[in-house]
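Novice: Quick note on full-length UniProt numbering: the sequence shown kicks off at 1 and runs consecutively.
We treat Cβ as the ideally placed atom computed from N, Cα and C, and that holds for glycine.
Computed from a prediction, not measured in an experiment: that's the story for all the values here.
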Amino acid sequence: MDSGIDRNMASKKRSKGTNSFSLSEHFGKIILACIAAGSFAIAFGSEKISQWFSPLSTNSTCLNQFYREVPPALNKESLKKDSYPLCFNGFNVLYSGISKTPLWSAEHLDAERLSVKIKREDNFHEETRVPQKHRALLSDYRGSGYDRGHMAPNGDMPNKESQSDSFSLSNMVPQAPKNNQEVWRKLEEATRAIVTKQKQ
């Protein structure tokens with residue numbers, strides 16, 4: 001009786017050992033398959049990104065504004081409708097002709113760039129690279145009660161050309177004056193202070 005139980009237990013142990021070995025044997029294959037699938041997804045995604053941002057992809061100066069030279073990806077296909085990737089001196093934006101604001105702005109901010117101090121000269125202007133029907137207009141803001149709020153801040157710009165570009169309406173969103181002049185301004189200043197302190 002006891003010997004029969006021992007044999008059954010030994011058989012179960014061998015069976016468990018076989019399953020464990022089989023799992024460990026295939027575990028490496030599973031990991032490799034996941035890596036391969038991930039690599040394909042990344043490669044496919046990068047190709048789609050580079051096609052979508054071809055106006056920016058052909059210009060190394062534009063790509064330098066992105067982290068690792070890769071533009072942000074949009075999660076929703078619908079956001080791409082009537083949108084325009086725009087490369088400026090010192091920053092890039094993806095402008096939406098539907099909201100008439102940037103969907104994002106991108107700039108490479110470092111201590112060297114911030115070491116240059118330029119006096120602010122307002123030069124708000126319409127973006128002529130955007131078709132008229134999708135363009136934000138100066139008249140859109142008149143009497144609206146909203147400020148024209150920079151997304152790529154004027155205070156981050158290292159020269160007159162980039163400063164002028166930062167006043168394009170394609171780099172603006174409507175902001176409540178208190179938000180733009182206080183909350184948003186303090187966020188911009190805090191960001192510059194961190195970059196300057198860490199020299200990054």
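1. Helix or strand or just coil, what does DSSP make of Pro177?
2. How many angstroms separate the CA atom of Lys100 from the CA atom of Met151?
3. Mapping the DSSP letters down to three states, classify Tyr146 as helix, strand or coil.
4. Can you tell me where the alpha helix (DSSP H) with Leu63 in it begins and where it stops?
5. With 16 as the cutoff for other CB atoms within 10 Å, does Glu121 come out buried or exposed?
6. Could you tell me which of Asn123, Ser170, Glu107 sits nearest to Ser164, measuring between CA atoms?
7. What did DSSP end up calling His108 once you bin it into helix, strand or coil?
8. For my contact list, Gly145 and Met172 are in at a C-beta cut-off of 8 angstroms; report their separation, rounded to the angstrom.
9. Drop a sphere of 10 angstroms on the beta-carbon of residue 202, count the other beta-carbons inside from all chains shown, and report buried for 16 or more, exposed for fewer.
10. Expressed to the nearest angstrom, what Euclidean distance is found between the alpha-carbon atoms of Ala190 and Trp104?
Specialist: Checking against the coordinates, here is how it stands:
1. Walking along the sequence shown from the start, residue 177 turns up at place 177. Correct three-state label for Pro177: helix.
2. Residue 100 sits at position 100 when you count from the first residue of the sequence shown. Residue 151 sits at position 151 when you count from the first residue of the sequence shown. Approximately 13 angstroms between the Cα atoms of the pair.
3. Here the question's residue 146 lines up with position 146 in the sequence shown. Residue state, collapsed to three classes: coil.
4. Taking the sequence shown and counting its residues from 1, the one referred to as residue 63 is at position 63. Start and end: 60 to 63.
5. Translated into the one-based positions of the sequence shown, residue 121 becomes position 121. Result: exposed.
6. For this step, residue 164 is matched to residue 164 along the sequence shown. Answer by Cα proximity: Asn123.
7. Translated into positions along the sequence shown, residue 108 becomes position 108. In this structure, His108 counts as coil in the three-state DSSP scheme.
8. In the sequence shown, counting from the first residue as 1, residue 145 sits at position 145. In the sequence shown, counting from the first residue as 1, residue 172 sits at position 172. So it is not a contact: roughly 15 angstroms between Cβ atoms.
9. The displayed coordinates of the chain run from 1 to 200. Any statement about residue 202 would go beyond what the structure contains.
10. Within the sequence shown, the letter at position 190 stands for residue 190. Within the sequence shown, the letter at position 104 stands for residue 104. Rounded to whole angstroms, Ala190 to Trp104 spans 20 angstroms at the Cα level.
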